[in-house]
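Asker: Residue numbers (the numbering used here), protein chains in the order written: chain A, 1 to 311; chain B, 1 to 311.
In structure tokens, the structure reads:
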């Protein structure tokens, strides 16, 4: 593949160039390194990677659609990376949600990419991070990383974001109580969506107890009715407010370093895993227990020179 | 730790011995290999590892409790490994469910172990597999592996089971339609729980379309009302029926081999990952892109002799 040409295409904002570049990296094809190294670093510096997570049914995708609407009215180019847990047991809702985003499907300044967590060769964390930078290099000022915050692998993805909004809605009952302890670990902003429904006020008060500082309570909790577009502009303002704050106090840069580490480890693990899987195809283990077999396997690997370009 | 003594304790069925043995392996402490190699292979051969999965709210934990009740009335010792996704966003419901199992908490022939997917050092897949064998060696004839079938990492765990039942309930709407394609990949039996609720009949008919063979439709779909104990004995009979079938036609043995491979790879990956993480603590990368950094990291690892006993 002609990488300089592909870089030119994507830096020019061509949707097809962006899509091909992401596939190149995702499929770990030759040229992936050259492509990634050639991305416009200034645009990557400027992008906001916004994590959007929450349980199924909270209205994340509708909210994403509305946030994109607000940004597009300000002529801001947006990328969306939708992480699909795609387990046979939860795959359903997401497909439907995705269709609702089709309102932006014809807009050349809305770049949408779905990524499945299932049956993957490469590391999802690494691929999603790279996709965000490719979108940034193509001119996106904001990249929304949408995940269903349910499984562990999905939660890890959120850690790639510069800033994360957790979307909740009334009707999750007592589960919300048990969630509270973990919320601050992942979320910078709490969105109480479906704020016109019964229980929304109570949920908002409940969430208030997460923050000890009354100022935080005010600034970090947003009420929205995404299905009617209510509260979305305020939410977007808050997001940009915290982005500026985090850029100034160094938190954003710190998170980018953490994200670099996560992605590196993810790629490295995948590379080694591919090699381990290869080695396992020739079974020659006398072990009755997997842990013993693993020890032998790993000993075999690190004593061996491997051409990792091939992976 | 005195491993022969610990083996004696757990083979004698002592709950404390079982718990200590599982912790030893989970925490990857010295002696883990010796312990695993010393487990009673005949009991491991005979155990049925039963996967139980499904979306939150389908009633898995109530069903588990009822299945345990049926088995205990037949004087069968049971192990339960409950995999807790423990993401901040979904942790709630599980805790509550777990408490409901306390009805069996005082029974010395019901061995219960919770495992969290979050913030782990060792591989969950490897630990869960080892725990199942430790429980088997302690005399459990059945080990139930309960997971919430929502995220990718949780789904992987199900692949450790000899036989898997997918628990569904009415009220999941259109999501069920989209799930159908993936069901046969994971489930040997479909349990339509809450069969007394509206929509149960429709769900059952819907699930029928998953199987092309009318005999399968009859044998592999079970209706239950776990909260009232209805349908549980029939379900347990079906489970044992398929266990026998799979033992005879070699499917069970084949799945054990697959599970051996999965666990080995999981342990090996974790061992290498720990080493990679260690190496990353001394940052000396000039790379701007994580994938490049990962290549350097992996090249450094495989050219180096590492004492893996230490991990």
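Where a beta carbon is used, it is the ideal one built from N, C-alpha and C, also for glycine.
(1) If I follow the unbroken beta strand (DSSP E) through residue 49/A, where does it start and stop?
(2) Could you give the DSSP three-state label for residue 228/A: helix, strand or coil?
(3) Tell me which residue opens and which closes the beta strand (DSSP E) that residue 116/A is part of.
(4) What are the complete beta strand (DSSP E) segments, minimum 3 residues, inside the region 198–227 of chain A?
(5) If you measure beta-carbon to beta-carbon, which residues of the region 269–282 of chain A are closer than 7 Å to chain B?
(6) Just reading off the alpha helix (DSSP H) that residue 40/B is part of, what are its end residues?
(7) Alpha carbon to alpha carbon, how far is residue 263/A from residue 170/A? Give it in angstroms, no decimals.
(8) To which residues does DSSP link residue 146/A through a beta bridge?
(9) So what does DSSP say about residue 288/A, is it helix, strand or coil?
(10) Along chain B, which residues have their Cβ under 8 Å away from the Cβ of residue 318/A?
(11) Please confirm whether residue 11/A has its beta-carbon closer than 7 Å to some beta-carbon of chain B.
(12) Do residue 245/B and residue 162/B have their beta-carbon atoms positioned less than 7 Å apart in this structure?
(13) Output, in chain order, the set of chain A residues within a Cβ distance shorter than 9 Å of residue 126/B.
(14) Within the same chain, show all residues whose beta-carbon is closer than 8 Å to that of residue 164/B, passing over the 5 residues directly before and after it, in chain order.
(15) Taking 8 Å as the limit between beta carbons, can you name the residues of its chain near residue 236/A, skipping five residues before and five after?
(16) Could you spell out where the beta strand (DSSP E) holding residue 105/B opens and where it closes?
(17) First and last residue of the alpha helix (DSSP H) that includes residue 128/A?
(18) Are the beta-carbon atoms belonging to residue 3/A and residue 34/A less than 7 Å from one another?
(19) Are the region 253–262 of chain B and the region 219–235 of chain B touching, with three or more C-beta to C-beta distances below 8 Å?
(20) So that I know if they touch, is there some Cβ in chain A lying closer than 7 Å to that of residue 260/B?
(21) For chain B, check one thing: does any of its Cβ atoms lie closer than 7 Å to the Cβ of residue 26/A?
(22) Please identify, using Cβ separations under 7 Å, the residues of the region 233–264 of chain A that lie next to chain B, in order along the chain.
(23) Assuming contact is defined by CB atoms lying nearer than 7 Å, are residue 143/A and residue 208/A in contact in what I supplied?
(24) Okay, do the region 18–32 of chain B and the region 104–118 of chain B touch, 3+ Cβ pairs below 8 Å being the bar?
(25) Exposed or buried, what is residue 108/B when buried is set at 16 or more other beta-carbons lying within 10 Å of its beta-carbon?
(26) How far does the beta strand (DSSP E) with residue 165/A in it reach, from first residue to last?
(27) How many angstroms separate the CA atom of residue 298/B from the CA atom of residue 32/A?
(28) With distances taken between CB atoms, is the gap from residue 139/B to residue 77/B smaller than 7 Å?
(29) Tell me which residue opens and which closes the alpha helix (DSSP H) that residue 7/A is part of.
(30) According to DSSP, is residue 297/B part of a helix, a strand, or is it coil?
(31) Residue 191/A and residue 224/A - do their beta-carbons sit closer together than 7 Å?
(32) Within this structure, are the beta carbons of residue 26/B and residue 127/B separated by less than 7 Å?
(33) Using DSSP with H/G/I as helix, E/B as strand and the rest coil, what is residue 160/A?
Answerer: If we stick to the structure as given:
(1) Segment 48–53, the beta strand (DSSP E) holding residue 49/A.
(2) DSSP places residue 228/A in helix when its eight states are reduced to three.
(3) Element bounds for residue 116/A: 110–116.
(4) Counting only runs that start and end inside the region 198–227 of chain A, the beta strand (DSSP E) elements of at least 3 residues fall at 221–223.
(5) For the region 269–282 of chain A, the set of residues with a beta-carbon nearer than 7 Å to any beta-carbon of chain B comprises 269, 271, 272, 273, 276, 277, 280, in chain order.
(6) Counting along the chain, no alpha helix (DSSP H) covers residue 40/B, and no H or E run does either.
(7) Roughly 34 Å between the two C-alpha positions.
(8) Answer by DSSP bridge pairing, in chain order: 52/A, 82/A.
(9) Residue 288/A: coil per DSSP, three-state reduction.
(10) Any question about residue 318/A goes unanswered here, given that chain A covers just 1 to 311.
(11) Under the Cβ criterion of 7 Å, residue 11/A is not counted among the residues facing chain B.
(12) For residue 162/B and residue 245/B, no; Cβs fall outside 7 Å.
(13) From the beta-carbon of residue 126/B, the residues of chain A found nearer than 9 Å are 290, 291, 294.
(14) The beta carbon of residue 164/B sits closer than 8 Å to the beta carbons of 50, 51, 52, 53, 158, 186, 187, 188, 189 from its chain, once the five residues preceding and following it are set aside; these are given in chain order.
(15) Same-chain partners within the cutoff: 67, 70, 71.
(16) In the DSSP assignment, residue 105/B falls outside any beta strand (DSSP E), carrying neither H nor E.
(17) It spans 124–137 - the alpha helix (DSSP H) in which residue 128/A sits, taken as one unbroken run.
(18) Less than 7 Å divides the Cβ of residue 3/A from the Cβ of residue 34/A.
(19) In short, these stretches do not touch, since the Cβ pair count stays below three.
(20) True, the Cβ-Cβ gap to chain A drops below 7 Å.
(21) Judged by the 7 Å Cβ criterion, residue 26/A is not in contact with chain B.
(22) Those residues of the region 233–264 of chain A placed with their C-beta closer than 7 Å to a C-beta in chain B are 260, 261, 263, 264, ordered along the chain.
(23) Between residue 143/A and residue 208/A, the gap from beta carbon to beta carbon reaches 7 Å or more.
(24) The region 18–32 of chain B, when compared against the region 104–118 of chain B, does touch it at the 8 Å Cβ threshold.
(25) A residue is called buried once 16 or more other Cβ atoms fall within 10 Å of its Cβ, and residue 108/B, having fewer, is exposed.
(26) Note, residue 165/A: beta strand (DSSP E), 163–168.
(27) Straight-line Cα distance between these residues: approximately 17 Å.
(28) In this structure, residue 139/B sits near residue 77/B, with a CB-CB distance shorter than 7 Å.
(29) For residue 7/A, the uninterrupted alpha helix (DSSP H) segment begins and ends at 3–11.
(30) Helix.
(31) By the CB criterion at 7 Å, residue 224/A and residue 191/A fall inside the cutoff.
(32) Contact check for residue 26/B against residue 127/B passes: the beta carbons are separated by less than 7 Å.
(33) The three-state reading of DSSP puts residue 160/A in coil, since its state is none of H, G, I, E or B.
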